[in-house]
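Numbering (this note's numbering), first residue to last: 29 to 272.
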């Protein structure tokens, strides 16, 4: 592991275990593993920011009383020198989750008041391979990505610890993920803290996301300011990279 913790700085590995493990993957990966291969999903989530000093109060909330699944996630985001993916409002990411390497493609979506909906493909990979033709089942999109692949470069990284719970609320199953870490540009001093709460809809009505956010704001230790944010990790990382 390089000192920067960035996947883009790691040597390639010749092989990878392609089966998913519930102990090594987040729920999103496990939901995609029905065929132990590559799948597409519509991601619907509510992104919220909070202050570091409010984290203890949030963690004291009764809905988060169960032990969290904790995992460190190392991510590298790619684009071309011409920023073709940014222009298409897409993101390509490699992630190391436990011992599992994952390739993710996210398309342009809609985001308003922190609530976003977008197509996502995610599956096991060999780092650096960027095998879009095996991952993406949209033929035109896969062809476009394969054409861009020779010019894709690692631009920025995120490195964070995720605490995860699955909560049932108002007829919905919701993944609650608290991410704490940093966004950084390898080879530079550019970095900024990362602190987000993501509520991802696993099943049930979309309205339950905002309802759960309202409940989580009220803790035994007082009110926690959970502020909707439309800025994705990829967008924040790109803004940081633009300072180079």
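Cβ coordinates follow ideal geometry from the N, Cα and C atoms, glycine included.
For residue i, which residues of its own chain have a beta-carbon under 6 Å away from its beta-carbon, when the five flanking residues on both sides are left out?
i           : result
residue 197 : 236 and 240
residue 148 : 69, 71 and 134
residue 226 : 73, 75 and 205
residue 173 : 160
residue 145 : 72, 137 and 138
residue 66  : Low confidence applies to residue 66: its pLDDT is 49, below 50, so where it sits in the model is not reliable, and the reading given next is rough at best. Around residue 66: 151 and 163.
Which partner residues of residue i appear in the DSSP bridge assignment?
i           : result
residue 212 : 185 and 219
residue 191 : 98 and 206
residue 92  : Paired residues: none, contrary to the question.
residue 69  : 148
Given that a residue counts as buried once 16 or more other Cβ atoms are within 10 Å of its Cβ, and exposed if not, what is residue i?
i           : result
residue 231 : exposed
residue 262 : buried
residue 104 : buried
residue 165 : exposed
residue 200 : buried
residue 50  : Low confidence applies here, because residue 50 scores a pLDDT of 28, under 50, leaving its location unreliable and the question unanswered by this model.
residue 215 : exposed
residue 82  : buried
Please list the terminal residues of the continuous beta strand (DSSP E) segment that includes residue i.
i          : result
residue 98 : 97 to 107
Give the range of the alpha helix (DSSP H) segment to which residue i is assigned.
i           : result
residue 243 : 235 to 244
residue 264 : 261 to 269
residue 166 : Unbroken run through residue 166: none, as it is neither H nor E.
residue 87  : 83 to 87
Apart from the five residues on each side of it in sequence, which residues of its chain come closer than 8 Å, Cβ to Cβ, to residue i?
i           : result
residue 168 : none
residue 176 : 108, 112 and 113
My parser needs the beta strand (DSSP E) runs of 3 or more residues fully inside the segment 111 to 148; what are they? Within the segment 111 to 148, the complete beta strand (DSSP E) runs of at least 3 residues are 119 to 125, 128 to 134 and 138 to 140.
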